[in-house]
Structures are given as structure tokens and as C-alpha cells.
């Protein structure tokens, strides 16, 4: 008889584990009312369920209201959010070695500092100890979350020739041929620059 009771209780635990959130709490509340005299403490001792969760399920079952879960708040807090000073020190070290996306298509910034170099700089320049700093792999994730990507910084190369360049010079040549011998025609030569993107680049430069 004792073996049968243990088997039933094992099945009940297994069924609860297969449910999530609101449905699990309602099931726990139903089992607690039927087998534990409506006591969350008895349910905790018998089935290993948290009595706070069981109590919440009993309240939901009685009131007909559902408690909304906040699963996002259960995860670990990112170290740069938990320690704003660390985030500020990382930016102070990385910003002088960054440049914007050359085409300004995103807010992503590129740096030539690796995660290992950032960790070393935090220890040497900011006085952090190993215990206060994340590991190298975690630091790579921190830099990515802060909008930095590791990339060798190259000088921006200006656009030498656009797809319309040949058409522009062909039009100039046709105009010269048509009006070149006209003594009343005035020829003006203007040197202009093509439109380029403007953004922050390494060492304070702009394009």
C-alpha cells in the first residue's frame, strides 16, 4: 500500500513538472485542496513544492484571477547594469579606440581593442582586481551588448569615381563641342566634391 501511495505521489510531481506558470499553480492548488487539506505547508512537505507558489495558486483558484508572471526579471543581471561605474570605465577606455560604421547604417561602433586588452587596461589604469572583473569571454559579451564590435580600424578611402562620372564628362565634352567656338559663350570651371557621410572616427577624425 505504501508503495502505491509513493507511486501516485511521484506521478503527481511528474505532472506538475510538465506544466508551466499559471497552469502549474492551479494544478498544485487542486492537489493541495484534495490531498493536503488546503495547506501549502503540507503540500511543500509531501510533494516538495514551494509553499509560496502553492499559496498563490490557491488564491488564483479562489478568486478566478491570474497573477501575471515576470519571467524577464528572473534572469541574471548583466554586470554592466549591475555596476554602472564599470560600464563607464569600459567606455572611457574603449571610446578613444573606436570609429562609427563607415556608412552610418547602424549605431554599431568598431574598436581595435580585444576583450583581453580591455580587461588588462581596467586592471592597470582603473585599479580593478581580478575578483571584480568578468572573465574574458564574458567581457566580449559585455562589449557586444554595449554596441562595440572588434574590427581592425582602417582609414576611410574617399570615393574616386561614381557610376555617373563618365556621363558627366560626356555631357561636358558635348557642351564644349557645341559652344566652344561661340565668342559670346562664357565657360566656367567649378571644382566640386561629392557628397560623403559625416561621422565620428578614431582619434577624433571626421569624414
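Residue numbers (the numbering used here): 1 to 207. Glycine is no exception: its CB is placed at the ideal position from the N, C-alpha and C atoms.
query: List, from N- to C-terminal side, the beta strand (DSSP E) runs of 3 residues or more that fit wholly inside the region 66-148.; result: 98-100 and 109-111
query: Going by CA-CA distance only, name the one from 169, 137, 56 and 31 that's closest to residue 114.; result: 137
query: In this structure, how does DSSP classify residue 19 when only helix, strand and coil are distinguished?; result: coil
query: Please tell me whether residue 60 and residue 29 are closer than 8 Å, where the distance is taken between their beta carbons.; result: yes
query: Just tell me which of 77, 147 and 97 has its CA closest to the CA of residue 108.; result: 147
query: To which residues of the same chain is residue 134 closer than 7 Å at the C-beta, ignoring the five residues directly before and after it?; result: 79 and 142
query: Enumerate in chain order the residues of its own chain whose CB-to-CB distance from residue 25 is below 7 Å, with the five nearest sequence positions on each side excluded.; result: 53, 56, 57 and 60
query: With which residues is residue 150 paired in a DSSP beta bridge?; result: 111
query: Find out if the Cβ-Cβ distance for the pair residue 27, residue 35 is shorter than 8 Å.; result: no
query: Three-state secondary structure (DSSP) at residue 156?; result: At residue 156, the pLDDT of 49 sits below 50, so the modelled position is not reliable and the matter cannot be decided from this model.
query: What number of angstroms, rounded off, separates the C-alpha of residue 140 from the C-alpha of residue 129?; result: 18 Å
query: Do residue 122 and residue 89 have their C-beta atoms closer together than 8 Å?; result: yes
query: From this set, 69, 182, 48 and 187, which residue's C-alpha is nearest residue 21's C-alpha?; result: 69
query: I'd like to know whether the C-beta atoms of residue 118 and residue 93 end up nearer to each other than 8 Å.; result: yes
query: Quick check: the Cα distance between residue 179 and residue 168, rounded to an integer number of angstroms?; result: 17 Å
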